[in-house]
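Visitor: Using full-length UniProt numbering, the letters of the sequence shown correspond one by one to residues 1 to 328.
We put the CB at the ideal spot given by N, CA and C, even for glycine.
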Amino acid sequence: MKNCIEKFKLFLQQKSSSLVKTIVFPEGNNIKIIESASICSQLNISRCILLGDKKYIHEVALKKKIIIDENVTIINPDSIRNCYAQNLFNMRKEKDIKSYQDSLNLLDNNIVLSLMMLNQNDVDGVVAGIENTTADIIRPTFKLIQNNCINSFVSSIFLMLFPDKVLIYGDCAINQYPDSNALAQIAIQSAKTANSLGISPKIAMLSYATGNSSLGSSVYKIREAIDIVKNVKPNLLIDGPMQYDAAVSSAIARIKLPNSQVAGHATVLIFPDLNSGNITYKAVQRSSGIISIGPVLQGLQKPVNDLSRGASIDDIVYTTAMTVIQSF
C-alpha cells in the first residue's frame with residue numbers, strides 16, 4: 001500500500017496534468033531546473049519554458065542524459081526582453097520607472113522578465129528561487145503581480161508530506177511579525193489552499209501555551225485572530241492557542257484540550273510569527289527527511305512560487321505541480 005507521501009504526490013501529478021498549463025523557469029541554466037522541467041514534461045505536470053542558453057542547456061541534457069522533449073521550450077531571454085519593455089514602462093512609469101531604457105534595464109533580470117510574461121498571460125505561472133533569495137523573488141512579484149491582485153494580503157504555506165498525513169504550515173516565509181488581522185488572513189488563505197488540495201481544514205493557531213494556561217500579548221493576539229476568523233468564516237474549524245504537540249497528538253489533546261474539534265487532528269498549523277514558523281519547518285524537514293513543498297504563495301491573482309536554494313528535484317517538480325493547480 002502506498003504511504004501518504006506517494007498518494008499525495010500522485011494526486012498533485014494527476015490534478016496538474018488535467019489542467020494543461022505552462023510554467024516558466026527564469027533560472028533555466030540551472031541543472032536541477034533542467035532536470036525538473038524534463039520530469040514535469042514526462043509526467044505531464046506542465047509545459048515548461050526555460051529561460052537560458054539553448055546550446056548550454058542541450059549540452060547539459062546530453063551529458064546528464066536528461067530528456068528535452070517537445071513540451072520543454074528553451075528561450076534565450078535576450079531575444080524577448082524588448083517584447084515586454086513598453087508594457088513594463090506603462091505599468092510603472094507613475095511609480096519607479098522613469099524611462100523606456102529603465103524598463104529594458106530591469107528586464108535584464110530574468111525574474112522580472114518571467115513576471116512580465118506572467119503579467120501578460122504568456123505563461124500560467126512562475127517557479128524560481130533555486131539561485132535567488134526569497135526577497136529577489138518577492139519584491140518584483142509585489143510590484144508586477146500584486147497590482148492585479150484580488151486580495152491585498154499575501155502569505156505563504158509549506159506542504160509537509162509525512163508518511164501518514166499531509167500538514168500545512170503557515171506562514172513560514174513572508175510575514176515576519178503578523179498582528180491578529182494578519183494571522184486571521186493567513187489562517188483563512190491557508191484553509192482555502194487546503195480545500196483546493198482535498199484536505200479538510202482543521203486550523204490550529206499555535207503558541208507556547210495551550211488554552212487558558214497562560215496570559216500575555218502574544219496569546220491575546222492569537223485569541224483575537226481566532227475571533228476574526230470565526231466572524232468572517234464561521235464554518236471553519238479553528239482553535240487555539242495551542243502547543244504543537246496538542247495540535248497533532250490525539251493523546252496529548254485529550255489531556256490538554258479534551259473538548260476541541262481541532263486538537264489532535266489539526267491539518268493546518270498557523271505559527272505566531274516568521275521565526276517560529278521558519279525554524280520549525282526547516283527543523284522538521286531536515287530532521288525527519290520528509291518532503292516539503294513550498295513556500296507556496298497565497299493571495300496573488302496569478303501564481304508565483306519561490307524555491308528554497310537547497311530545493312531537491314522532488315521539491316521543484318511538486319512545487320511546479322502546485323503552481324499549475326493554483327493557476328486554475
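Helix, strand or coil: how does DSSP classify Phe8 here?
Guide: helix
Visitor: The alpha helix (DSSP H) that contains Thr319, what's its start and end?
Guide: Ile313 to Gln326
Visitor: Relative to the C-alpha of Ser200, which candidate in Ala253, Val262 and Cys172 has its C-alpha closest?
Guide: For the residues Ala253, Val262 and Cys172, the minimum Cα distance to Ser200 belongs to Val262.
Visitor: For Met205, tell me which candidate among Thr267, Val232 and Leu144 has the shortest Cα-Cα distance.
Guide: That would be Thr267, whose Cα lies nearest to the Cα of Met205.
Visitor: Measure the alpha-carbon distance for Asp69 versus Ala251 and round it to whole angstroms.
Guide: 51 Å
Visitor: Among Lys95, Ile188 and Leu107, which residue has its Cα nearest to the Cα of Asn82?
Guide: Leu107
Visitor: With a threshold of 9 Å between beta carbons, is Thr73 in contact with chain B?
Guide: The chain inventory of the structure shown lacks chain B, comprising one protein chain alone.
Visitor: Do you know whose CA, among Ala194, Asp171, Asn3 and Lys233, lies nearest Ile186's CA?
Guide: Among Ala194, Asp171, Asn3 and Lys233, the Cα nearest to that of Ile186 belongs to Asp171.
Visitor: The beta strand (DSSP E) with Gln298 in it runs from where to where?
Guide: Here the beta strand (DSSP E) through Gln298 covers Ile291 to Gln298.
Visitor: Report the residue from Ile34, Leu51 and Ser276 whose alpha carbon sits nearest the alpha carbon of Ile174.
Guide: Comparing alpha-carbon positions, the option among Ile34, Leu51 and Ser276 lying closest to Ile174 turns out to be Ser276.
Visitor: For the beta strand (DSSP E) containing Cys172, list its first residue and its last residue.
Guide: From DSSP, Cys172 is part of no beta strand (DSSP E); its letter is neither H nor E.
Visitor: On the DSSP letters alone, give me the boundaries of the beta strand (DSSP E) that Lys65 sits inside.
Guide: From DSSP, Lys65 is part of no beta strand (DSSP E); its letter is neither H nor E.
Visitor: Grab the span of the alpha helix (DSSP H) containing Leu144 for me, first residue to last.
Guide: Thr134 to Leu144
Visitor: Give the single residue among Ala194, Tyr220 and Lys143 whose Cα lies nearest to the Cα of Asn181.
Guide: Looking only at Ala194, Tyr220 and Lys143, the smallest Cα-Cα distance to Asn181 is reached by Tyr220.
Visitor: Starting from Gly129, follow its DSSP beta bridges and name the residues at the other end.
Guide: Bridge partners of Gly129: none, in fact.
Visitor: Output the distance between the C-alpha atoms of Lys32 and Gly310, rounded to the nearest integer angstrom.
Guide: About 10 Å.
Visitor: Taking 9 Å as the cut-off, decide whether the C-beta atoms of Leu237 and Cys4 are in contact.
Guide: no
Visitor: What are the boundary residues of the alpha helix (DSSP H) that includes Val112?
Guide: Asn110 to Asn119
Visitor: For Thr73, which residues does DSSP report across the bridge?
Guide: Ile49
Visitor: Should the region 13 to 31 be regarded as contacting the region 117 to 129, the criterion being three or more beta carbon pairs within less than 8 Å?
Guide: Taking 8 Å as the limit for Cβ pairs, the verdict is that the region 117 to 129 does touch the region 13 to 31.
Visitor: Per DSSP, what kind of secondary structure is Asn278 in: helix, strand or coil?
Guide: helix
Visitor: When we look at the beta-carbon of Phe328 and count the other beta-carbons within 10 Å, is it buried (16 or more) or exposed?
Guide: exposed
Visitor: Taking the beta strand (DSSP E) that Phe25 belongs to, which residues open and close that run?
Guide: Thr22 to Phe25
Visitor: With H, G and I counted as helix, E and B as strand and the rest as coil, what does DSSP make of Asp78?
Guide: helix
Visitor: Under 7 Å Cβ to Cβ from Asn30, same chain only, skipping five residues before and after it: list those, please.
Guide: The beta carbon of Asn30 sits closer than 7 Å to the beta carbons of Ile130 and Glu131 from its chain, once the five residues preceding and following it are set aside; these are given in chain order.
Visitor: Report the partner residues of Ala204 according to the DSSP bridge assignment.
Guide: In the DSSP secondary-structure assignment, Ala204 is bridged to Asp239 and Leu269.
Visitor: Once DSSP output is grouped into helix, strand and coil, what is the label at Val284?
Guide: helix
Visitor: Ser300 and Val154: beta carbons closer than 9 Å?
Guide: Before going further, note that residue 300 is Leu rather than Ser in the sequence given. Their beta carbons are under 9 Å apart, which means Leu300 touches Val154 by this criterion.
Visitor: How far does the alpha helix (DSSP H) with residue 329 in it reach, from first residue to last?
Guide: This structure does not reach residue 329, given that the chain is present from 1 up to 328, and the question cannot be answered.
Visitor: Run the CB neighbour count on Arg47, radius 10 Å, all protein chains shown included, and call it buried at 16 or more, exposed below.
Guide: With 16 or more other CB atoms across the displayed protein chains lying within 10 angstroms of its CB, Arg47 is buried.
Visitor: Measure the C-alpha to C-alpha separation of Ile226 and Pro163 and round it to an integer number of angstroms.
Guide: Going from the Cα of Ile226 to the Cα of Pro163 covers about 30 Å.
Visitor: Relative to the ligand COA, is the shortest distance from any of its heavy atoms to the C-beta of Ala204 smaller than 8 Å?
Guide: The ligand COA is not among the ligands present in this structure, which contains no ligands whatsoever.
Visitor: Determine the closest residue to Phe271 out of Gly52, Gln243, Gly294 and Ser288, with distance taken between C-alpha atoms.
Guide: It is Gln243.
Visitor: Could you give the DSSP three-state label for Leu106: helix, strand or coil?
Guide: Leu106 carries a helical assignment under DSSP once its states are collapsed to helix, strand and coil.
Visitor: Going straight from the alpha carbon of Ile255 to that of Ala209, what length do you get?
Guide: Distance between the alpha carbons of Ile255 and Ala209: 14 Å.
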